[in-house]
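Residue 26 is where the sequence shown starts when you use the working numbering, and the numbers rise one by one after that.
In this text, a Cβ means the ideal position worked out from N, Cα and C, and glycines have one as well.
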Amino acid sequence: MNGLRHAWYGVLQQVARVLFVLIFGIRVYHRHRLPRQGGVLVVANHQSYLDPVLAAVGMPRPYHPMARASLFRFAPFRWLIRSLHAFPVRRGKADLGAVREALRRLKAGAVVLMFPEGTRTRDGSISLLHGGPITIAARAGVPVLPMVIDGAFEAWPRTCVLPRPHTILVACGKAVSAAAAAAGQPDEVMAGVRRQMLDLQAELRRRAAGAV
26 MNGLRHAWYG VLQQVARVLF VLIFGIRVYH RHRLPRQGGV LVVANHQSYL DPVLAAVGMP
86 RPYHPMARAS LFRFAPFRWL IRSLHAFPVR RGKADLGAVR EALRRLKAGA VVLMFPEGTR
146 TRDGSISLLH GGPITIAARA GVPVLPMVID GAFEAWPRTC VLPRPHTILV ACGKAVSAAA
206 AAAGQPDEVM AGVRRQMLDL QAELRRRAAG AV
């Protein structure tokens, strides 16, 4: 069963990769910063509904996205995203079940994806990030990998029903070790992660402008 699921994930990843290159010209930078094995908690900014796919499409390991619970209401879509390793979290409250599931997957060696802004950006900027992911990473004993998606806000802003072509760039930051995550206050560690993400976003915008 796991082999079939892995093959299914790989097929859809390749299809998405081709489509996203053709439609959005997607490019992924610093992907080598994703650890090759072991649990990793990836924290990304949230620009559009496309983000869970954008974060995973160019990466060499399967992602397990933590997705808002309302996405699991429609049975066919629930089946699809569950088949791609997604699991639900109830927004706006402390969802201990989602935290336990994230810990279970991280300890089993999975790459878990979270969006610590909590909701999509309203202007393309990176908002303040809550420190919950740092606590989870410290408890699981895994590193935190910052990731930035840029251009997805222009491709699919809140005001549009459907996405439109626009260049999208993605970049991985430098991982924060499990020891560093455990040693500091979660909000302070996450503030450092956000500073790194802001630098990455600036780098991607320079690349988009042809300045790199």
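Of the candidates Asp224, Ala204, Gly209 and Lys199, Lys199 places its Cα closest to the Cα of Pro60.
For Arg103, the enclosing alpha helix (DSSP H) starts and ends at Ala100 to Ser108.
Closest by C-alpha distance to Arg42, out of Met84, Phe99 and Trp33, is Met84.
The continuous alpha helix (DSSP H) containing Phe45 extends over residues Asn27 to Phe49. Boundaries of the beta strand (DSSP E) around Ile174: Val169 to Asp175. Val136 is the residue among Leu194, Val136 and Gly122 whose C-alpha sits nearest the C-alpha of Leu109. Distance from the CA of His71 to the CA of Leu154, rounded to the nearest whole angstrom, comes to 11 Å.
In the displayed model, His89 falls within a strand according to three-state DSSP. In the DSSP assignment, Arg52 forms a beta bridge with Leu194.
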